[in-house]
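Colleague: Position one of the sequence shown corresponds to residue 1 (UniProt numbering), numbered consecutively onward.
Glycine included, every Cβ here is placed at the ideal spot set by N, Cα and C.
Small disclaimer: the values here were computed from a predicted structure and weren't measured.
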Amino acid sequence: MNERSSFNKDILLQAIWDACNKLNPKTQLRNPVMFIVYIGALLTTWLTVRDFFLGEPIAFSLQITLWLWFTVLFANFAEAVAEGRGKAQAQSLKTARSKTKANKVTSNGTSQIEATELRKGDVVLINAGEFIPGDGEVVEGMASVDESAVTGESAPVIRESGGDRSSVTGGTRVLSDWIKVKITANPGETFLDRMISLVEGAKRQKTPNEIALTILLVGLTIVFLVAVATIEPFAVYSGTLISVITLLSLLVCLIPTTIGGLLSSIGIAGMDRLLKRNVLAMSGRAVEAAGDVNALLLDKTGTITLGNRMATEFIPAPGVSESELADAAQLSSLADETPEGRSVVVLAKEKYNIRERDLTTLEAEFVPFTAQTRMSGVNIKGNQIRKGAIDAIQKYIVEQGGQFPDAVKAAAENIAKAGGTPLIVAQGAKALGTIYLKDIVKGGIKERFHELRQMGIKTVMITGDNPLTAAAIAAEAGVDDFLAEATPEAKLRLIREYQEKGMLVAMTGDGTNDAPALAQADVGVAMNSGTQAAKEAGNMVDLDSNPTKLIEIVEIGKQLLMTRGSLTTFSIANDVAKYFAIIPAMFAGTYPAMNVFNIMHLATPESAILSAVIFNALIIVALIPLALRGVKYRPVGAEVILRKNILIYGVGGLIIPFIGIKIIDVIIVALGLV
Numbered sequence: 001m002n003e004r005s006s007f008n009k010d011i012l013l014q015a016i017w018d019a020c021n022k023l024n025p026k027t028q029l030r031n032p033v034m035f036i037v038y039i040g041a042l043l044t045t046w047l048t049v050r051d052f053f054l055g056e057p058i059a060f061s062l063q064i065t066l067w068l069w070f071t072v073l074f075a076n077f078a079e080a081v082a083e084g085r086g087k088a089q090a091q092s093l094k095t096a097r098s099k100t101k102a103n104k105v106t107s108n109g110t111s112q113i114e115a116t117e118l119r120k121g122d123v124v125l126i127n128a129g130e131f132i133p134g135d136g137e138v139v140e141g142m143a144s145v146d147e148s149a150v151t152g153e154s155a156p157v158i159r160e161s162g163g164d165r166s167s168v169t170g171g172t173r174v175l176s177d178w179i180k181v182k183i184t185a186n187p188g189e190t191f192l193d194r195m196i197s198l199v200e201g202a203k204r205q206k207t208p209n210e211i212a213l214t215i216l217l218v219g220l221t222i223v224f225l226v227a228v229a230t231i232e233p234f235a236v237y238s239g240t241l242i243s244v245i246t247l248l249s250l251l252v253c254l255i256p257t258t259i260g261g262l263l264s265s266i267g268i269a270g271m272d273r274l275l276k277r278n279v280l281a282m283s284g285r286a287v288e289a290a291g292d293v294n295a296l297l298l299d300k301t302g303t304i305t306l307g308n309r310m311a312t313e314f315i316p317a318p319g320v321s322e323s324e325l326a327d328a329a330q331l332s333s334l335a336d337e338t339p340e341g342r343s344v345v346v347l348a349k350e351k352y353n354i355r356e357r358d359l360t361t362l363e364a365e366f367v368p369f370t371a372q373t374r375m376s377g378v379n380i381k382g383n384q385i386r387k388g389a390i391d392a393i394q395k396y397i398v399e400q401g402g403q404f405p406d407a408v409k410a411a412a413e414n415i416a417k418a419g420g421t422p423l424i425v426a427q428g429a430k431a432l433g434t435i436y437l438k439d440i441v442k443g444g445i446k447e448r449f450h451e452l453r454q455m456g457i458k459t460v461m462i463t464g465d466n467p468l469t470a471a472a473i474a475a476e477a478g479v480d481d482f483l484a485e486a487t488p489e490a491k492l493r494l495i496r497e498y499q500e501k502g503m504l505v506a507m508t509g510d511g512t513n514d515a516p517a518l519a520q521a522d523v524g525v526a527m528n529s530g531t532q533a534a535k536e537a538g539n540m541v542d543l544d545s546n547p548t549k550l551i552e553i554v555e556i557g558k559q560l561l562m563t564r565g566s567l568t569t570f571s572i573a574n575d576v577a578k579y580f581a582i583i584p585a586m587f588a589g590t591y592p593a594m595n596v597f598n599i600m601h602l603a604t605p606e607s608a609i610l611s612a613v614i615f616n617a618l619i620i621v622a623l624i625p626l627a628l629r630g631v632k633y634r635p636v637g638a639e640v641i642l643r644k645n646i647l648i649y650g651v652g653g654l655i656i657p658f659i660g661i662k663i664i665d666v667i668i669v670a671l672g673l674v
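What follows is the structure in structure tokens.
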């Protein structure tokens with residue numbers, strides 16, 4: 001769902017209806033700032049009705065009343081639009097869930113039941129073309145599964161019993177073969193149920209920072225309430241008549257209604273932005289914590305590196321040319337469908353222009369890799385070409401009556417020290433040289449780490465490699481630290497060490513062995529392709545199973561905090577202009593000298609007060625797109641963010657109301673509304 005779809009006709013119409021429904025006093029009470037506006041609107045409504053029956057003029061009070069109600073409705077509308085985006089996505093998920101059937105395995109075979117009737121511990125059989133009826137673990141079989149309904153990713157994935165690829169999600173579809181799945185969640189507790197509940201957003205709880213900000217806003221509201229309440233006795237003493245409606249207008253304009261009206265929508269929109277990137281946050285607290293993260297723990301494989309070792313260089317033995325080694329290496333890899341094998345073929349073709357040959361035409365006999373021999377190769381016209389680990393090839397050459405060159409052994413040792421993997425190529429009893437397989441660091445990842453460092457976030461690489469290999473890759477990737485030969489206990493210990501220093505830690509994981517660390521981390525992102533234990537331990541699930549998503553999650557969390565801070569600054573700065581609009585209008589009749597503060601040269605006291613109230617309502621609507629989209633994220637330090645926040649939203653919050661109130665004043669005077 002893109003940003004433009006957030007404002008489509010259906011969502012907007014539903015949001016208008018929901019905004020009216022939220023006028024329930026119990027609903028309004030959840031937002032103390034807007035509840036004051038709500039009470040003010042009720043009071044001005046009563047006063048206007050009273051004046052009408054008493055025959056008093058009501059044109060001014062009626063307009064003030066209407067715009068106070070609009071202020072409340074606009075705040076409700078902002079929240080309703082944010083919720084509506086999630087509800088639209090949830091509706092399609094509900095529809096898919098309600099149509100799913102299940103083949104429950106019984107002692108007599110299978111029986112078809114509704115998916116909603118399944119219970120934890122039931123075993124179901126899913127054949128090709130059928131939907132998986134609930135969350136579970138594959139206990140038998142292997143199948144290709146389409147998870148696009150949940151993840152949005154079109155490429156199918158393999159799910160099989162055992163290992164880290166046994167977890168399946170309800171609502172996904174089996175494309176080929178069959179699997180038996182043991183259900184791990186009751187109806188209402190499934191991953192899909194949690195996702196539906198989350199995206200609807202209606203029952204989202206406030207996060208700690210949001211609660212703290214609400215307390216601050218309530219405090220400011222109380223201060224302004226007391227200040228406005230003291231104006232009436234002062235006015236009576238000075239002989240000035242100030243109506244209750246005027247005082248209520250002043251109060252509503254001075255309390256932080258802008259941020260008060262947008263606060264809830266900012267939080268909901270932050271969680272929605274995560275969903276658009278296929279990340280399910282179990283709570284708003286997790287999103288907020290992501291914005292405060294100080295340390296990122298990242299797996300090496302698949303996150304920092306491409307995940308597959310790639311051939312980068314051919315190092316020939318003495319007396320052997322590079323092209324001769326490349327030719328033999330390519331021949332030995334033609335039938336090797338592993339990423340490493342394909343990279344050997346590509347390197348020989350690109351660097352030495354050796355075209356890929358057809359094994360059938362060559363009448364070649366492919367020798368597959370086995371765990372016992374630890375090598376593979378090809379037999380062509382009496383030539384036996386082998387490729388494998390150094391000890392396996394050395395043993396093979398000795399058995400053929402040859403000798404293993406010291407130069408080849410030295411080259412293999414240098415590759416290992418540099419963090420790579422050496423593969424030796426031999427033809428018969430002769431060693432031809434070494435293939436340098438290297439973990440390729442992802443392009444641009446070093447720059448991303450530099451950006452995180454500028455934000456004060458420490459990056460730590462987690463790997464099972466030996467310390468020497470880990471150090472080489474860490475240096476190339478530009479991470480701040482690394483943990484080599486990582487075990488579950490070591491990960492858990494490292495996280496606790498950082499937390500004891502007062503740092504917030506985020507990490508990713510997919511296996512059962514990652515569960516303790518995911519549970520301990522402040523932001524634990526589990527891969528959807530991982531085990532159920534990992535998903536239950538984390539407070540976020542990445543539906544795309546992309547470990548690099550952790551960096552985006554942190555950025556979204558920071559964007560949420562930046563948006564909240566920016567709009568709070570803007571809201572508070574607004575008060576200055578409203579002060580200059582309303583206060584002179586209230587006292588200018590009694591004290592003409594107060595006109596010197598009417599720097600906007602507003603036409604009349606009534607037009608000044610009405611203009612301020614109208615602007616106060618309209619600015620909420622104007623800022624809804626920014627609240628939903630979020631302030632543009634930039635990877636800079638806190639000092640720079642604060643300076644820009646004050647310059648753009650602080651100074652802007654001072655200037656824009658002066659311009660806006662003046663324009664509204666001109667319009668309402670021209671229309672004869674006052």
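Would F52 be called buried (16 or more neighbouring beta carbons within 10 Å of its own) or exposed?
Modeller: The residue in question, F52, is exposed, as its Cβ has fewer than 16 Cβ neighbours within 10 Å.
Colleague: Can you tell me the Cα-Cα spacing of A348 and E337, whole angstroms?
Modeller: 16 angstroms
Colleague: Excluding the five sequence neighbours on either side, which residues of its own chain have a C-beta within less than 6 angstroms of the C-beta of G660, listed in chain order?
Modeller: Closer than 6 angstroms at Cβ, skipping near neighbours: F615.
Colleague: Is the segment 280-292 touching the segment 522-531, taking contact as three or more C-beta pairs under 8 angstroms?
Modeller: yes
Colleague: Just list the beta strand (DSSP E) runs in the segment 383-459, keeping only unbroken ones of 3 residues or longer that don't cross its boundaries, in chain order.
Modeller: Segments of the beta strand (DSSP E) lying fully in the segment 383-459: 383-388, 421-427, 430-441.
Colleague: Using the Cβ count rule (16 or more neighbours within 10 Å means buried), how would you classify W67?
Modeller: buried
Colleague: Determine the DSSP secondary structure at G509, reduced to helix, strand or coil.
Modeller: strand
Colleague: Please say whether D146 and V181 have beta carbons closer to each other than 9 angstroms?
Modeller: no
Colleague: Got a sec, what are the start and stop residues for the alpha helix (DSSP H) M562 sits in?
Modeller: 549-587
Colleague: Do the CB positions of T463 and F449 come within less than 9 angstroms of each other?
Modeller: no
Colleague: Using CA coordinates, which residue listed in G136, P156, D135, E137 is at the minimum distance from S144?
Modeller: P156
Colleague: Quick one: grab the DSSP three-state call for D177.
Modeller: strand
Colleague: When we look at the beta-carbon of C20 and count the other beta-carbons within 10 Å, is it buried (16 or more) or exposed?
Modeller: C20 should be labelled exposed.
Colleague: For E79, which of G134, T27, T548 has the nearest alpha-carbon?
Modeller: Measuring from the Cα of E79, the nearest candidate turns out to be T27.
Colleague: When the distance is taken between beta carbons, is I551 closer than 9 angstroms to R273?
Modeller: no
Colleague: According to DSSP, is K501 helix, strand or coil?
Modeller: coil
Colleague: Grab the span of the beta strand (DSSP E) containing R159 for me, first residue to last.
Modeller: 157-160
Colleague: Quick check on A526: does DSSP put it in helix, strand or coil?
Modeller: strand
Colleague: So the beta strand (DSSP E) T110 belongs to, where does it begin and stop?
Modeller: 109-114
Colleague: Report the residue ranges of all alpha helix (DSSP H) runs contained in full by the segment 249-276; include only those spanning at least 4 residues, in chain order.
Modeller: As far as the segment 249-276 is concerned, its whole alpha helix (DSSP H) runs of at least 4 residues are 257-276.
Colleague: By DSSP, does A202 sit in helix, in strand, or in coil?
Modeller: With a pLDDT of 39 at A202, under the threshold of 50, the predicted position of this residue should be treated as unreliable, though the coordinate-derived value follows. Coil, per DSSP.
Colleague: If you compare alpha carbons, which of Q112, P133, I609, G109 is closest to K120?
Modeller: P133
Colleague: Give the DSSP bridge partners of N309, in chain order.
Modeller: Looking at the sequence provided, one finds Arg at residue 309 rather than Asn. Per DSSP, D439.
Colleague: Once the 5 residues before and after A128 are set aside, which same chain residues still bring their CB inside 8 angstroms of it?
Modeller: A143, V174, L175, S176, D177, W178
Colleague: S166: which of A15, T184, V139 sits nearest, CA to CA?
Modeller: V139
Colleague: So, for L220: in the same chain, excluding its five sequence neighbours on each side, which residues have a beta-carbon less than 7 angstroms away from its beta-carbon?
Modeller: Within the same chain, L220 has close Cβ partners I255, P256.
Colleague: Spatial neighbours of E451 within its chain, please: CB distance less than 8 angstroms, with the 5 preceding and 5 following residues excluded, ordered by chain position.
Modeller: P635
Colleague: Just to confirm, is the Cβ distance from A474 to F482 under 9 angstroms?
Modeller: With contacts defined as CB atoms closer than 9 angstroms, A474 and F482 qualify as a contacting pair.
Colleague: Just to confirm the assignment, what range does the alpha helix (DSSP H) spanning M34 have?
Modeller: Element bounds for M34: 32-54.
Colleague: Counting C-beta neighbours from all protein chains within 10 Å, is the total for I663 16 or more, i.e. buried, or is it exposed?
Modeller: exposed
Colleague: Going by beta carbon distance, what residues of the same chain come within less than 8 angstroms of R355, once the five residues before and after it are set aside?
Modeller: K349
Colleague: Measuring straight from C-alpha to C-alpha, what distance separates Q532 and T184?
Modeller: 8 angstroms
Colleague: Go through its chain and collect everything with a Cβ distance to L561's Cβ below 8 angstroms, but skip five positions before and after it.
Modeller: N209, E288, G291, D292
Colleague: Candidates I424, M507, F70: which alpha carbon is nearest A286's?
Modeller: M507
Colleague: Taking 8 angstroms as the threshold, find out whether the segment 533-544 comes into contact with the segment 621-631 through three or more Cβ pairs.
Modeller: no
Colleague: In or out: L29 buried (at least 16 other Cβ within 10 Å) or exposed?
Modeller: Exposed, since its Cβ has fewer than 16 Cβ neighbours within 10 Å.
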